[in-house]
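Trainee: Counting in our numbering, the sequence shown runs from 17 upward without gaps.
Glycine included, every Cβ here is placed at the ideal spot set by N, Cα and C.
Owing to the predicted nature of the structure, the values given are computational and were not obtained by experimental measurement.
Got a structure for you, questions after.
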Amino acid sequence: MSSGVNSKSCQYTYIDFDINNTRSNLSLAAAFVDATDSRYGFSSKHLLRLGGSELSRIKESLLMDHEWGSKEGVAEESIVTKLPPYGSRVVFRLYWDTAPLACQNFATLCVNGGNSLDISINPKKAKPAPIGESGKALTYRGSPIHRVVPGFVVQGGDFVMGNGSGGESIYNGKKFKDERAGLMMKHDKEMLLSMGNSGKNSNSSQFFVTLGPAPQCDGKHVIFGEVVSGSVVINEMERFGSPGGEPTVPIQITECGAYQHLLTPGCGCWFDRSDPESFSGKTAEFIVKVRVGVLAPTKTAAERFRSALGEHASVMLVAEDDAEGIHLLAKSLENFSLDVIIVAPASRTSLEESFFEVPSSWTDLGNAPTRDEIFLVSKPAEALSAVMSKSWLSKRDGWILSGSFV
């Protein structure tokens, strides 16, 4: 197994979840628009560049089209015309100091058995994941979320059987021991990452994310990480859970890998653009949704920024009289849970200059953005424009920001 997987290369990992076949359903609409733009009078061959009135015509046009409407599996509920507002990406911070065996196992399975450590936006095609003792590839990619219990857990990682009865570790396929430090931690809040097992010292590849305090798991399951970004994706999966745990819609891991801030997008989703020059007829592109913290004089003023940014950003709102909220903004930036902070002009002068310092966690990575590329002073009406033209994300080669389709 790859020796390149360690606490430095994989301190953070990401997983992209496809809920209810949204990615393939969106791809269908994109292909339809690309092929029939002239026939149906669409203003662009690119689905994401169409306006609301045009988007509203796609479903009926596709279903009524003799060629497209008769394709296998096409139905009204299988046509998606907009990117999912919750995105697809969840970023995890791994507790390497607490549970190194569990972290090594999870991270290796996230990076395609160690073959996908390229963290660029358009990585070179990796070698296939190595085959495990079960005969299945050692990767989470393509495996389902098999259990969702609202208020309790979202569970996956069984790439062997796909139903919770299987799994395989990277350690020659053998189950590995519980690590005491992780076992002693408490499942006392939501968004903790913990090992699934079938009893003492029976860890393989299954994992779960808590949806709230789960004291019944204390002392039985090893906690080895937490969600730092993408909790909305986890919450969206919770909507499709059931008391018995079987998801009411299919949920699948489509991509996964190592996450490094400034080099890997932290939020967004995949879009399969029609591409006649590609062997498959489409090219996968990651559409980046910027994670924005907003600081304004009041909550009401902050809400105007949310409206202005719309679906193109994931937003955390804070009023300037909320000292705890301001601390949370700074901490979230330091922990790579936010990409930029937008400050209303009226709030700029009320803040200490130290608030606008680039976090040391960013500068330690090297080639960190400037202060003015992270902290954007803007009015609500100019907020999206500021993100698109002044933020560090707008200068990343190959990154496609959601706001670029406005």
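Would you be able to state if there are at least three C-beta pairs under 8 angstroms between the region 116 to 129 and the region 219 to 233?
Mentor: The answer is yes - the region 116 to 129 touches the region 219 to 233, with three or more Cβ pairs under 8 angstroms.
Trainee: Compare the beta carbon distance of Ser150 and Asp174 with 8 angstroms and say whether it is the shorter of the two.
Mentor: Contact: no.
Trainee: Does the distance from the CB of Tyr111 to the CB of Phe240 come in under 8 angstroms?
Mentor: In this structure, Phe240 lies closer than 8 angstroms to Tyr111 by Cβ.
Trainee: On the CB-based measure, 16 or more other CB atoms within 10 Å of its CB, does Leu208 come out buried or exposed?
Mentor: By the 10 Å Cβ count, Leu208 comes out buried.
Trainee: Could you tell me which whole beta strand (DSSP E) segments of length 3 or greater appear in the region 220 to 281?
Mentor: List check, beta strand (DSSP E) in window: 223 to 226, 239 to 245 and 267 to 275.
Trainee: Would you check if the region 404 to 411 and the region 381 to 391 touch, i.e. whether three or more CB-CB distances between them fall below 8 angstroms?
Mentor: Yes: the two stretches touch, three or more of their Cβ pairs being nearer than 8 angstroms.
Trainee: Just to confirm before moving on: does the CB-CB distance between Ser353 and Ser210 stay below 8 angstroms?
Mentor: In this structure, Ser210 does not lie closer than 8 angstroms to Ser353 by Cβ.
Trainee: For the ligand NAP, any of its heavy atoms closer than 7 angstroms to the Cβ of Pro101?
Mentor: With respect to the ligand NAP, the structure shown offers nothing to examine, as it has no ligands at all.
Trainee: Who are Arg109's beta bridge partners in DSSP?
Mentor: According to DSSP, Arg109 bridges with Tyr28 and Glu242.
Trainee: How far does the beta strand (DSSP E) with Ser330 in it reach, from first residue to last?
Mentor: That run of the beta strand (DSSP E) goes Ala329 to Ala335.
Trainee: For Phe287, does the count of other Cβ atoms within 10 angstroms reach 16, so buried, or fall short, so exposed?
Mentor: Under this definition Phe287 is a buried residue.
Trainee: Would you be able to state if there are at least three C-beta pairs under 8 angstroms between the region 310 to 323 and the region 334 to 345?
Mentor: Result yes; three or more Cβ-Cβ pairs closer than 8 angstroms.
Trainee: Give every residue of the same chain whose Cβ lies closer than 7 angstroms to the Cβ of Pro375, excluding the five residues on either side of it in the sequence, and list them in chain order.
Mentor: Leu349 and Glu350, listed in sequence order.
Trainee: When you compare each of Leu125, Phe371 and Cys285 to Asp20 by their alpha carbons, which one comes out closest?
Mentor: Checking the sequence, you will find Gly at residue 20 rather than Asp. Here the closest residue by C-alpha is Leu125.
Trainee: Cβ of Ser185 within 8 angstroms of Cβ of Lys191?
Mentor: Yes.
Trainee: Can you tell me the Cα-Cα spacing of Glu93 and Glu301, whole angstroms?
Mentor: Going by the C-alpha atoms only, they are around 24 angstroms apart.
Trainee: Asn179 to Gly129, Cα distance in whole Å?
Mentor: Going by the C-alpha atoms only, they are around 21 angstroms apart.
Trainee: Ends of the alpha helix (DSSP H) at Ser363?
Mentor: Its alpha helix (DSSP H) spans residues Pro361 to Arg364.
Trainee: What does the alpha-carbon distance come out to for the pair Met177 and His162?
Mentor: Distance between the alpha carbons of Met177 and His162 is about 10 angstroms.
Trainee: Locate the alpha helix (DSSP H) running through Lys347, then write down its first and last residues.
Mentor: First-last of the alpha helix (DSSP H) with Lys347: Ala339 to Glu350.
Trainee: Nearest CA to the CA of Lys61: which residue from Ser86, His343 and Ala47?
Mentor: Ranking the options by Cα distance to Lys61, first place goes to Ala47.
Trainee: Taking only three categories from DSSP, how would you classify Thr97?
Mentor: Coil.
Trainee: Does Val422 pass the burial test, meaning 16 or more other C-beta atoms within 10 Å, or should it be called exposed?
Mentor: Looking at its Cβ environment, which holds fewer than 16 other Cβ atoms inside 10 Å, Val422 is exposed.
Trainee: What's the C-alpha gap between Lys347 and Glu340?
Mentor: Cα to Cα, Lys347 sits roughly 10 angstroms from Glu340.
Trainee: Any contact of the region 162 to 172 with the region 250 to 269, i.e. 3+ C-beta pairs under 8 angstroms?
Mentor: A contact exists between the region 162 to 172 and the region 250 to 269.
Trainee: Using alpha carbons as the reference points, say which of Cys285, Val359, Arg157 and Ala230 lies closest to Pro100.
Mentor: Comparing Cα-Cα distances from Pro100 to each of Cys285, Val359, Arg157 and Ala230, the minimum goes to Cys285.
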